[in-house]
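Residue numbers for the sequence shown follow this note's numbering, so the first one is 10 and each next one is one higher.
A virtual CB, placed ideally from N, CA and C, is assigned to each residue, including glycine.
Quantities reported herein were computed from a predicted structural model and do not represent experimental measurements.
Worksheet: the structure to be examined is printed underneath.
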Amino acid sequence: MRISLNWLEELVELQLSPEDLAETLTMAGFEVEDIEDRRTWADGVVIGKVVGREQHPNADKLSVCQVDVGQGENLNIVCGASNVRADIYVPVATVGTYLPNKDLKIKPAKLRGVPSQGMICSLEELGLPTDVDGIHIFSGENIKIGDDVRPLLGLDDVILDVTATANRADALSMVGIAREVAAITGGELKIVQPEEISVPQGAGSLSIKVDETLACPAYIGTVIEGVKIAASPDWLQQRLLSAGVRPISNIVDITNYVMLEWGQPLHAFDRKRLESIAGSEDISIGVRFASNGDNLKTLDGKIRNLSNQNLLITVNNKPVALAGVMGGEESEVHDGSENLVLEAALFDNAVIRRSSRSVGLRSDSSTRYERGVNLAEFDVACRRAFSLIVDIAGV
10 MRISLNWLEE
20 LVELQLSPED
30 LAETLTMAGF
40 EVEDIEDRRT
50 WADGVVIGKV
60 VGREQHPNAD
70 KLSVCQVDVG
80 QGENLNIVCG
90 ASNVRADIYV
100 PVATVGTYLP
110 NKDLKIKPAK
120 LRGVPSQGMI
130 CSLEELGLPT
140 DVDGIHIFSG
150 ENIKIGDDVR
160 PLLGLDDVIL
170 DVTATANRAD
180 ALSMVGIARE
190 VAAITGGELK
200 IVQPEEISVP
210 QGAGSLSIKV
220 DETLACPAYI
230 GTVIEGVKIA
240 ASPDWLQQRL
250 LSAGVRPISN
260 IVDITNYVML
270 EWGQPLHAFD
280 RKRLESIAGS
290 EDISIGVRFA
300 SNGDNLKTLD
310 GKIRNLSNQN
320 LLITVNNKPV
330 ALAGVMGGEE
340 SEVHDGSENL
350 VLEAALFDNA
360 VIRRSSRSVG
370 LRSDSSTRYE
380 RGVNLAEFDV
390 ACRRAFSLIV
400 DIAGV
């Protein structure tokens, strides 16, 4: 698991350097395979404002920009990005900056005869994954010209890549690692227990029927109405990216965040899609083993032919998820989702292991269930998810 030290420091007092902490964890049986010091990736990159943009006189695909980086005199920077324009805030690598992910030292240059005094950067040039083709454009408040970009991009962080033995399921959550660090170093724990919170619930009925109580000793399905699907706030996206998880949308991101923080996998279904599959507004969520002929198109777009080794989540007896492994594409949350059914469950580790292997599919969720999810965190994780949904998804 990838451990963000910025995130960890919110949960436990850290008294050691990243290198000393890595050595201490390794000696305690949590092998640290890599230390990723992101602080070096954008050292010297600052926030700049493009105050003017003109077409390059000698190149159709280049722009000549005047950029204010808080140094008194604007910088003349030639930029090849198609999304550059005036009145935007951008990351600027000033002269002398070294970008290790590109092995590039920024020097004064002439591009097609026009002087350039720096580089306006994309996220990819700073070592971050992105779907945007072009430079990064900052949005939001508290953006100040000349400030270091690293806190805004989550690049003021160090990531430890930690591997633990199969008997240490707690190593697959930030809270578990925080407790271990506290026990080893004597640092004070700062874990805050989420409070009880109510969420708007719909009028249509929802019942739960668990046929396999040994395979699924606990199952909670909560209807949540009136969510607004959107991109997650920057802080949440950065937390997921630091853990190697791609942000998707606020609801999906919240379920992944809670899984990383507390070790409890969650899954959100689109309520309207469940009703469509069920053919009724009154839906019954079930947990049973697959029968001959059952199949399911999972979220990765593949149709899975199922056997009696596969534990299923069903709606009115129709498969909608491979329990503890992956949800189904037909019931997934999408941009138009308004009402949800949020699943939180405990599944037997051996059952999930067999199910995952039988279809050749492993996920972050199945990895945690296979090792054993902590019953004591079950209710806490639900409260944490509800709190984040209320705060972020506008219910």
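Counting the other Cβ atoms within 10 Å of the Cβ of L223 gives fewer than 16, which makes it exposed. A residue is called buried once 16 or more other Cβ atoms fall within 10 Å of its Cβ, and A187 is buried on that count.
Its chain contains S340, V350 as the residues whose beta carbon lies nearer than 6 Å to that of F278, once the 5 sequence neighbours on both sides are disregarded; these appear in chain order. M10 sits in coil when the DSSP states are folded into three classes, being neither helix nor strand.
Under the DSSP assignment, R62 falls in the beta strand (DSSP E) whose first and last residues are 54-64. Burial check for A118: the Cβ neighbour count within 10 Å stays below 16, so the residue is exposed.
Put simply, the segment 320-328 touches the segment 290-310. At least three CB pairs are less than 8 Å apart. Excluding sequence positions up to five before and after S182, its CB lies within less than 6 Å of the CB of W271, G272, all in the same chain and listed in chain order.
Within the model, the alpha-carbon separation for G122 versus P66 is close to 9 Å. By the 16-neighbour rule on beta-carbons within 10 angstroms, A192 is exposed.
As the crow flies, the alpha-carbon of T174 is around 20 Å from that of L17. For R380 and I154, the gap between their C-alpha atoms comes out near 48 Å. Taking the C-beta atoms as reference points, L25 is found nearer than 9 Å to T33.
N259 counts as buried, since at least 16 other C-beta atoms from the protein chains shown sit within 10 angstroms of its C-beta.
Distance check between C88 and each of G81, D157, P160, C74 places C74 closest, using alpha-carbon atoms only. If you check the CB distance, E204 and S396 come in under 9 Å.
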